[in-house]
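Student: Residue numbers (UniProt numbering), protein chains in the order written: chain A, 1 to 215; chain B, 1 to 215.
Glycine residues also receive a C-beta, built at the ideal position from the N, C-alpha and C atoms.
Take this structure, written in structure tokens, and hold onto it; I'll ask about it next.
As structure tokens, then:
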């Protein structure tokens, strides 16, 4: 237990930011593994997910200990319950990065993503990185402007996702069913990753303003 | 606020059970909507998801109020934090039922599921119902035997899911890419629904025994 209760709350928040950064690295590495059919990178992401899961447990346990020992009320209580929810989103985002790495691994030495779909996933990877980076900023600084930007960035991911379906459904999709399935699931993983980043931002907005975002 | 704090905890648990039952109805209706291409049933599920979301907010708020006013420690504190997590799983399961209903609605008046894939989704729907029914029992009675059974039932869902992929990837898949995409996503929704049911059961096991299940 740290000397000061306030320091413990700050420290938990720092851990959330560090976890968000780890998740961002995992996602960025997973995208590279996918686009380069790099099985060593894919394995790094898959092995690294255990650490992200362990971080989740550690943060949850610390939140629980603060609840039990300090019995925070009002604002501080909301800080802790928000942290417990954010940590779930972040862990799930780590799982999604792992799912992407697993698709890369499953198709190795082939590339799961055909050349003509590559630009869409390159961009999805970049949007995902942007989203998790901003989510980390939102957590670190309770930055409501960044939280608002995240909503717009998520629209970009949705647009990419729709474009992917158009490509899959074009008359001349030449890559067969197996690749179509991979692309469908990969698209879903990136989209869900983005949804969770938005969820993190909304939780912080609710913490700061008391207002829930309504889409 | 109820007279007795203990009654309030019991009442929150009853609400969780009722929510699990609502989610079960939604999933059951969504499966029927999907298999019968019944757009009226699909709309029921889609409209009903708002109520499930509202229940989530209401239960979360009640948990928060108990934390703030009663400052529970030890076992009671764990009951509340577990309820807050279970409610997230249940809400997400409601979303997945809604996703299934939306696929049925999107393909109406066509049937999203071709005749030869129908048995797999009929069974997936039955397994999903079984899982959420047992999850409700686990919440209601802290029934650890039912929790263990859930793990096995989830294996059945995984097996169904693998069978679906085999069917999609057979040489003679005659239904084209669009249907393959629908089936891929539908399979994923049922699988995730099952995962969340397992997660609910594991949270209750952890609450009762203090031991985390390791897959």
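Taking only beta-carbon positions, decide if residue 81 of chain A is within less than 8 Å of chain B.
Tutor: Yes, contact with chain B.
Student: Per DSSP, what kind of secondary structure is residue 123 of chain A in: helix, strand or coil?
Tutor: Correct three-state label for residue 123 of chain A: helix.
Student: Return the chain-ordered ranges of every alpha helix (DSSP H) run that is complete within the stretch 54-136 of chain B and spans a minimum of 4 residues.
Tutor: Here the runs fully enclosed are 74-107.
Student: Considering Cα atoms alone, identify which of B:160, B:11 and B:95 is closest to residue 54 of chain B.
Tutor: Out of B:160, B:11 and B:95, B:95 has the C-alpha closest to the C-alpha of residue 54 of chain B.
Student: Could you give the DSSP three-state label for residue 211 of chain B: helix, strand or coil?
Tutor: Residue 211 of chain B falls in the coil class under three-state DSSP.
Student: So, is the C-beta of residue 2 of chain A closer than 8 Å to a C-beta in chain B?
Tutor: Because residue 2 of chain A sits at a pLDDT of 47, beneath the cut-off of 50, its placement in the model cannot be relied upon, and the following sentence gives the value as read from the coordinates. Answer no: the Cβ-Cβ gap between residue 2 of chain A and chain B never drops below 8 Å.
Student: Just tell me which of B:158, B:185, B:212 and B:165 has its CA closest to the CA of residue 222 of chain B.
Tutor: What the structure shows of chain B is the stretch from 1 to 215, and residue 222 of chain B is not part of that stretch, so it cannot be assessed.
Student: Determine the DSSP secondary structure at residue 142 of chain A, reduced to helix, strand or coil.
Tutor: Correct three-state label for residue 142 of chain A: coil.
Student: Does residue 171 of chain A come out as helix, strand or coil in the three-state DSSP assignment?
Tutor: Residue 171 of chain A: coil per DSSP, three-state reduction.
Student: From this set, B:75, B:61, B:51 and B:124, which residue's C-alpha is nearest residue 82 of chain A's C-alpha?
Tutor: Closest by alpha carbon: B:61.
Student: Which residues of chain A have a Cβ atom closer than 9 Å to the Cβ of residue 64 of chain B, listed in chain order?
Tutor: Ordered by position in chain A, the residues that pass the 9 Å Cβ test against residue 64 of chain B are 77, 78 and 81.
Student: Counting only Cβ pairs nearer than 7 Å, list the residues of chain A close to residue 180 of chain B.
Tutor: Simply 177, 180 and 181.
Student: Considering only their Cβ atoms, is the gap separating residue 80 of chain A from residue 90 of chain A smaller than 8 Å?
Tutor: It is not a contact, given that the beta carbons lie outside the stated cut-off.
Student: State the CB to CB distance for the pair residue 71 of chain B and residue 117 of chain B, rounded to an integer number of angstroms; the pair is presumed to be in contact (CB under 8 Å).
Tutor: That pair is no contact at about 53 Å.
Student: Is residue 34 of chain A closer than 8 Å to residue 113 of chain A when the C-beta atoms are compared?
Tutor: In contact: residue 113 of chain A and residue 34 of chain A (Cβ atoms closer than 8 Å).
Student: Going straight from the alpha carbon of residue 2 of chain A to that of residue 14 of chain A, what length do you get?
Tutor: With a pLDDT of 47 at residue 2 of chain A, under the threshold of 50, the modelled position of that residue is not reliable, and the figure given next carries that caveat. When rounded, the distance between both Cα atoms is 14 Å.
Student: Once you ignore the five residues that flank residue 200 of chain A on each side, which residues in its own chain have a CB closer than 6 Å to its CB?
Tutor: Excluding positions up to five away in sequence, the list reads 86, 89 and 135.
Student: Given this structure, state the Cα-to-Cα distance separating residue 176 of chain B from residue 197 of chain B, to the nearest angstrom.
Tutor: Roughly 32 Å separates the two Cα atoms.
Student: Give me the chain A residues within the contact set of residue 184 of chain B, using Cβ-Cβ distance strictly less than 7 Å, ordered along the chain.
Tutor: Near residue 184 of chain B (Cβ distances below 7 Å), the residues of chain A are 181, 184 and 185.
Student: Could you check the C-alpha separation between residue 38 of chain B and residue 102 of chain B for me, to the nearest Å?
Tutor: Cα-Cα distance, rounded: 11 Å.
Student: Where does residue 38 of chain A fall in DSSP's three states?
Tutor: Correct three-state label for residue 38 of chain A: coil.
Student: I need the DSSP call for residue 4 of chain B, collapsed to helix, strand or coil.
Tutor: In the structure shown, residue 4 of chain B sits in coil (DSSP, three-state: anything other than H, G, I, E or B).
Student: Check each residue of the stretch 144-164 of chain B: if its Cβ is closer than 7 Å to any Cβ of chain A, include it; give the result in chain order.
Tutor: Within the stretch 144-164 of chain B, no residue qualifies.
Student: Under 8 Å, do residue 127 of chain A and residue 204 of chain A count as touching if we go by C-beta distance?
Tutor: No; because the gap between Cβ atoms is not below 8 Å, this pair is not in contact.
Student: Check whether the Cβ atoms of residue 63 of chain A and residue 93 of chain A lie closer than 8 Å to each other.
Tutor: Not a contact, by the Cβ cut-off of 8 Å.
Student: Would residue 131 of chain A and residue 153 of chain A qualify as a contact pair, given that the criterion is a beta-carbon distance under 8 Å?
Tutor: Contact: yes.
Student: Count the other CB atoms within 10 Å of the CB of residue 105 of chain A; is the residue buried (16 or more) or exposed (fewer)?
Tutor: Buried: at least 16 other Cβ atoms inside 10 Å.
Student: If the criterion is Cβ atoms closer than 8 Å, does the pair residue 97 of chain B and residue 208 of chain B meet it?
Tutor: Not closer than 8 Å, so no.
Student: Under 8 Å between beta-carbons, which chain B residues line up against residue 188 of chain A? List them in chain order, please.
Tutor: Near residue 188 of chain A (Cβ distances below 8 Å), the residues of chain B are 185 and 188.
Student: Using a Cβ-Cβ cut-off of 6 Å (strictly less than) and excluding sequence neighbours within five positions of residue 78 of chain B, which residues of its own chain qualify?
Tutor: These residues qualify, in order along the chain: 207.
Student: Closer than 7 Å by beta-carbon distance: list the chain A residues that pair up with residue 73 of chain B, in chain order.
Tutor: The answer, in chain order, is 68.
Student: May I have the straight-line CA-CA distance separating residue 21 of chain A from residue 40 of chain B, to the nearest angstrom?
Tutor: Cα-Cα distance, rounded: 45 Å.
Student: Given this structure, state the Cα-to-Cα distance separating residue 46 of chain B from residue 173 of chain B, to the nearest angstrom.
Tutor: Approximately 31 Å, taken between the alpha carbons.
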